Amino acid sequence: MYGMTMKTVSVTRNLIAPDEKEVTNIKEVVRKLGSVAESEQRYLLVDQAKGQEIELPRALFMVLLEAAKQLAKGNSVSILHYEQELTTQQAADLLQVSRPYLIKLLESGQIPYHHVGSHRRIRMRDVLEYKKTRDALRRAHLQEMVRVSEALGLYDEDNQDFLKE
Numbered sequence: 002m003y004g005m006t007m008k009t010v011s012v013t014r015n016l017i018a019p020d021e022k023e024v025t026n027i028k029e030v031v032r033k034l035g036s037v038a039e040s041e042q043r044y045l046l047v048d049q050a051k052g053q054e055i056e057l058p059r060a061l062f063m064v065l066l067e068a069a070k071q072l073a074k075g076n077s078v079s080i081l082h083y084e085q086e087l088t089t090q091q092a093a094d095l096l097q098v099s100r101p102y103l104i105k106l107l108e109s110g111q112i113p114y115h116h117v118g119s120h121r122r123i124r125m126r127d128v129l130e131y132k133k134t135r136d137a138l139r140r141a142h143l144q145e146m147v148r149v150s151e152a153l154g155l156y157d158e159d160n161q162d163f164l165k166e
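Its first residue numbered 2, the sequence shown is counted upward by one per residue in my numbering.
Written out as structure tokens, the structure reads:
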């Protein structure tokens, strides 16, 4: 599940976007769900009218909580399964790169793909694995730049919060 605010809308047609009126209510739901997540071992949906309770598995509860967090930020949300196959444009959108650049990544072997007829298809998990590795490498390079800048006395140590993300 991903909160998507940019071009990634094309990945799926089941995009859920909150309207402005809902965001305030969703923020309250996130606050309450977050406190429940920290303290409870069981998660129940209660139908007060019928007097019924349904126990939610923790995995489902966590999906709902993450979706609510993204919606509370005003982001659109879509649930995509890990094995889903993407077109080259969808994968490029997800990585926020151009399609020609994605093709270079595919052809250089950095992201696995296969052909369906004459079209390339990329598994969601392969795109996400590449993104995770790319982002970790970017973070490491940024931290090294900060370290060198600090050693040279060029960097203010009070402004490092962005490195913790």
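Idealized CB from N, CA, C, for every residue including glycine.
Quantities reported herein were computed from a predicted structural model and do not represent experimental measurements.
Below 8 Å, enough C-beta pairs join the segment 74 to 83 and the segment 15 to 30 to call them touching: three or more.
In the three-state scheme derived from DSSP, where H, G and I count as helix and E and B as strand, GLN53 is classed as strand. Exclusion of the five residues before and after ARG43 leaves GLU56 as the residues of its chain whose Cβ lies within less than 7 Å of its Cβ.
Beta-bridge annotation (DSSP): ARG124 is paired with GLU86. In the pairwise beta carbon analysis, the segment 81 to 101 is classified as touching the segment 121 to 134: at least three pairs are separated by under 8 Å. For LEU45, the enclosing beta strand (DSSP E) covers residues 44 to 48. Taking 7 Å as the cut-off, the Cβ atoms of LEU96 and LYS132 count as close.
Rounded to the nearest angstrom, the gap between the Cα atoms of GLU145 and PRO113 is 29 Å. The residue from ALA50, HIS116, LEU153, ILE27 with its alpha-carbon nearest to that of ALA73 is ILE27.
Taking C-beta atoms as the reference points, LEU103 and THR88 fail to come closer than 7 Å. Membership of SER77 in the beta strand (DSSP E) is indicated by the continuous run 77 to 79. Going by DSSP, VAL30 is part of the alpha helix (DSSP H) stretching over 21 to 40. DSSP places VAL98 outside both helix and strand once states are collapsed to three, so it counts as coil.
VAL64 and HIS116 have their alpha carbons spaced roughly 32 Å apart.
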